Amino acid sequence: EALGASTQRLTAGLRAAAHDTGIGLTTNQVGGMFGVFFTDEPEVTGYRQATACDTERFRRFFHAMLAAGVYLAPSPFEAGFVSAAHREADIDATLEAAQTALAGL
-13 EALGASTQRL TAGLRAAAHD TGIGLTTNQV GGMFGVFFTD EPEVTGYRQA
37 TACDTERFRR FFHAMLAAGV YLAPSPFEAG FVSAAHREAD IDATLEAAQT
87 ALAGL
């Protein structure tokens, strides 16, 4: 439950940060696994929706996060994982880096 809650906090924070910058972004999450898609669609549930997302924007986001020391899956078609080792401070730092990265997109 704690792992799912941490992942949910991360994905909700990513969506909120994107919304604040006017960027279309949605997330999927199951337990500690999550995905990030740059799209104006409210959800991505299939191949066609996933491949229609802005992969170039994801690439730029990925590299901005990497430069900030946050290691995400390098493709929007791969899952990210939150582990039991990630603490609230780690989620907070990730969301701060995401706000900066998204503002730069």
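Take the sequence shown: its letters are residues -13 to 91, numbered as in my numbering.
Just so it is clear, CB atoms sit at the ideal spot from N, CA and C, and this is done for glycine as well.
No experiment lies behind these values; they were computed from the predicted model shown.
#1: Evaluate A89 with the Cβ neighbour count: other Cβ atoms within 10 Å of its Cβ, from every protein chain shown; 16 or more gives buried, anything less gives exposed.
#2: If you reduce the DSSP assignment to three classes, tell me which class F48 lands in.
#3: Leaving out five residues before and five after Q(-6) in sequence, what residues of the same chain have Cβ atoms less than 7 Å from its Cβ?
#4: I need the DSSP call for G32, collapsed to helix, strand or coil.
#5: Exposed or buried, P60, counting other C-beta atoms within 10 Å across all chains shown (16 or more means buried)?
#6: Along the chain, where does the beta strand (DSSP E) that runs through T12 open and close?
#7: Out of F63, A71, A83, which one is the CA nearest neighbour of F23?
#8: Taking contact to mean 3 or more Cβ pairs, one atom from each stretch, closer than 8 Å, check whether the region 46 to 59 and the region 69 to 85 are in contact.
#9: Figure out for me which residue from T12, D40, A38 has the closest Cα to the Cα of E29.
Based on what the coordinates show:
#1: Counting from 1 along the sequence shown, the entry for residue 89 is found at position 103. Answer is exposed; the Cβ neighbour count stays below 16.
#2: Working through the sequence shown from its first residue, we reach residue 48 at position 62. Helix at F48.
#3: The count along the sequence shown starts at 1 and reaches residue -6 at position 8. So the qualifying residues of the chain are Q15.
#4: The residue given as residue 32 occupies position 46 in the sequence shown. Secondary structure of G32 (DSSP, three-state): coil.
#5: Here residue 60 refers to the residue found at position 74 when the sequence shown is read from its first residue. The residue in question, P60, is exposed, as its Cβ has fewer than 16 Cβ neighbours within 10 Å.
#6: Position 26 of the sequence shown holds residue 12. Counting along the chain, the beta strand (DSSP E) containing T12 begins and ends at 12 to 16.
#7: Counting from 1 along the sequence shown, the entry for residue 23 is found at position 37. Selected option, being the one with the closest Cα: F63.
#8: yes
#9: Mapped onto the sequence shown, residue 29 falls at position 43. Taking E29 as reference, the option from T12, D40, A38 with the minimal CA-CA separation is T12.
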